[in-house]
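Enquirer: Last residue of the sequence shown: number 264 in numbering that gives the first Met the number 0, and the count goes up by one each step with no gaps. Cβ coordinates follow ideal geometry from the N, Cα and C atoms, glycine included. My questions will all concern the structure given below.
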Amino acid sequence: MEQKIIFREMLSEALKLADAKGNRLTTEEIDAFFANTHLDRQQMELVYEYLAGQKVKVEGYEPKTAPLSRELEKIAPEKEEPDESGKKEGEEGALELYLEEIRRIPHPREGEERELFEGAARGDAAAKSRLVELYLPLVCQLAGEYEGDACLPEDLIQEGNVGLLLAVDQIEEQESLAAYQVKLMNSVNQYMQDVIQEQKDLKDLGNGIVSKVNHLSEAIRNLEEDLEHKVSVEELSAYLEMPVEEIRDILRMAGDEIEVEGYDR
0 MEQKIIFREM LSEALKLADA KGNRLTTEEI DAFFANTHLD RQQMELVYEY
50 LAGQKVKVEG YEPKTAPLSR ELEKIAPEKE EPDESGKKEG EEGALELYLE
100 EIRRIPHPRE GEERELFEGA ARGDAAAKSR LVELYLPLVC QLAGEYEGDA
150 CLPEDLIQEG NVGLLLAVDQ IEEQESLAAY QVKLMNSVNQ YMQDVIQEQK
200 DLKDLGNGIV SKVNHLSEAI RNLEEDLEHK VSVEELSAYL EMPVEEIRDI
250 LRMAGDEIEV EGYDR
């Protein structure tokens with residue numbers, strides 16, 4: 000779990016690096032950033048795909064299949080209005096294009112899957128790459144089961160592909176093919192659940208902040224009507240029976256939306 004957290008933090012830092020560079024990174028820059036993770040070429044391509052899906056231009060990399068977000072831009076430009084379901088025209092088609100590419104992945108020959116799991120457990124990079132390829136459809140299947148949750152299916156597929164990469168990279172020796180399969184599926188499923196929960200927590204946090212800001216704004220209006228002057232943080236503290244520091248925290252979160260006498264941001 001700690002390795003997953005570290006890797007996700009690295010992805011987050013890579014996005015910050017891209018932002019600082021105008022959302023453009025070269026494959027060399029990305030490879031250097033992830034050098035200590037010892038990912039193989041196909042695993043790095045998943046990283047490129049993930050970054051491309053986050054609107055980062057990855058120079059020096061041309062994906063075999065366009066990331067979903069890139070397909071969406073081609074098929075459903077931002078100017079198009081969503082339909083009654085909330086989806087823009089073409090979104091479903093973009094997802095179907097990706098799923099069609101996934102269906103073209105060659106099926107494993109008899110006994111190959113067990114060999115791949117055993118090779119991956121020994122650290123064989125080629126086995127890991129092929130295993131990731133074979134289980135991309137599983138990610139799509141799991142993403143479909145979470146439809147209606149905090150993440151869009153196409154976003155969850157991208158996140159799930161990262162979880163698959165991590166799960167394969169950390170696979171340990173098991174007693175049977177079924178045990179390998181269950182271990183991998185559980186790892187990817189847990190990763191997706193963690194991502195969804197994080198999104199829900201962020202949404203709840205945002206809603207909580209909005210609620211506090213609205214409550215403070217209402218209190219300021221009421222108190223200013225009573226006192227007939229701009230109120231101070233100290234007056235708000237007494238009126239709401241709330242610590243001064245908590246009020247200052249809310250004011251910081253509100254930015255320029257709220258003005259209070261004597262409060263310096």
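#1: Among Glu44, Ser236, Gly21 and Val187, which has the Cα closest to the Cα of valine 55?
#2: What did DSSP end up calling valine 167 once you bin it into helix, strand or coil?
#3: Judging by CA-CA distance, which residue of Ser231, Asn185 and Cys150 is the nearest neighbour of valine 194?
#4: Taking only runs that begin and end inside the stretch 30-60, name each unbroken beta strand (DSSP E) of 3 or more residues, in chain order.
#5: Is the beta carbon of valine 57 sitting closer than 9 angstroms to the one on threonine 26?
#6: Between serine 175 and valine 167, what straight-line distance do the alpha-carbon atoms span, to the nearest angstrom?
#7: Out of curiosity, what's the CA-to-CA distance linking leucine 16 and aspartate 30?
#8: Span of the beta strand (DSSP E) holding arginine 23?
#9: Apart from the five residues on each side of it in sequence, which residues of its chain come closer than 7 angstroms, Cβ to Cβ, to tyrosine 145?
#10: Since leucine 14 contacts glutamine 42 with CB under 8 angstroms, what's their CB separation in whole angstroms?
#11: With H, G and I counted as helix, E and B as strand and the rest as coil, what does DSSP make of serine 11?
#12: Thinking C-alpha only, which one of Glu153, Arg121, Gly59 and Met9 is nearest leucine 135?
#13: Buried or exposed: which applies to glutamine 157, given that a residue is buried once 16 or more other Cβ atoms fall within 10 Å of its Cβ?
#14: In angstroms, rounded to a whole number, what distance separates the CA positions of glutamate 12 and leucine 24?
#15: I'd like the span of the alpha helix (DSSP H) that includes lysine 20, first residue to last.
#16: Let me know if valine 243 comes out buried or exposed under the rule of 16 or more other beta-carbons within 10 Å of its beta-carbon.
Expert: Straight from the coordinates:
#1: The sequence position of residue 55 within the sequence shown is 56, counting from 1. Nearest C-alpha to valine 55: Gly21.
#2: Your numbering for residue 167 matches position 168 in the sequence shown. DSSP places valine 167 in helix when its eight states are reduced to three.
#3: Taking the sequence shown and counting its residues from 1, one reaches residue 194 at position 195. It is Cys150.
#4: If we require 3 residues or more, the beta strand (DSSP E) runs fully inside the stretch 30-60 come out as 56-58.
#5: Taking the sequence shown and counting its residues from 1, the one referred to as residue 57 is at position 58. Taking the sequence shown and counting its residues from 1, the one referred to as residue 26 is at position 27. It is a contact, given that the beta carbons lie within the stated cut-off.
#6: What you label residue 175 is simply residue 176 of the sequence shown in a count that begins at 1. What you label residue 167 is simply residue 168 of the sequence shown in a count that begins at 1. One C-alpha to the other measures close to 16 angstroms.
#7: Residue mapping note: residue 16 aligns to position 17 of the sequence shown, counting from 1. Residue mapping note: residue 30 aligns to position 31 of the sequence shown, counting from 1. Answer to the nearest angstrom: the Cα atoms are 13 angstroms apart.
#8: In the sequence shown, counting from the first residue as 1, residue 23 sits at position 24. Its beta strand (DSSP E) spans residues 23-25.
#9: Translated into the one-based positions of the sequence shown, residue 145 becomes position 146. For tyrosine 145, where only same-chain residues beyond five positions count, the Cβ hits under 7 angstroms are Leu155, Met191 and Ile195.
#10: Sequence index remark: in the sequence shown, residue 14 carries index 15 (1-based). Sequence index remark: in the sequence shown, residue 42 carries index 43 (1-based). Actually they do not touch by this definition, with Cβ atoms about 18 angstroms apart.
#11: One-based indexing of the sequence shown puts residue 11 at position 12. Correct three-state label for serine 11: helix.
#12: The residue given as residue 135 occupies position 136 in the sequence shown. Scanning Glu153, Arg121, Gly59 and Met9 for the CA closest to the CA of leucine 135 turns up Glu153.
#13: Residue numbering aside, residue 157 sits at position 158 when the sequence shown is read from its first letter. With 16 or more other Cβ atoms within 10 Å, it is buried.
#14: What you label residue 12 is simply residue 13 of the sequence shown in a count that begins at 1. What you label residue 24 is simply residue 25 of the sequence shown in a count that begins at 1. Those two C-alpha atoms are separated by around 13 angstroms.
#15: Within the sequence shown, numbered from 1, the residue matching residue 20 stands at position 21. From DSSP, lysine 20 is part of no alpha helix (DSSP H); its letter is neither H nor E.
#16: Within the sequence shown, residue 243 is the residue found at index 244, counting from 1. The residue in question, valine 243, is exposed, as its Cβ has fewer than 16 Cβ neighbours within 10 Å.
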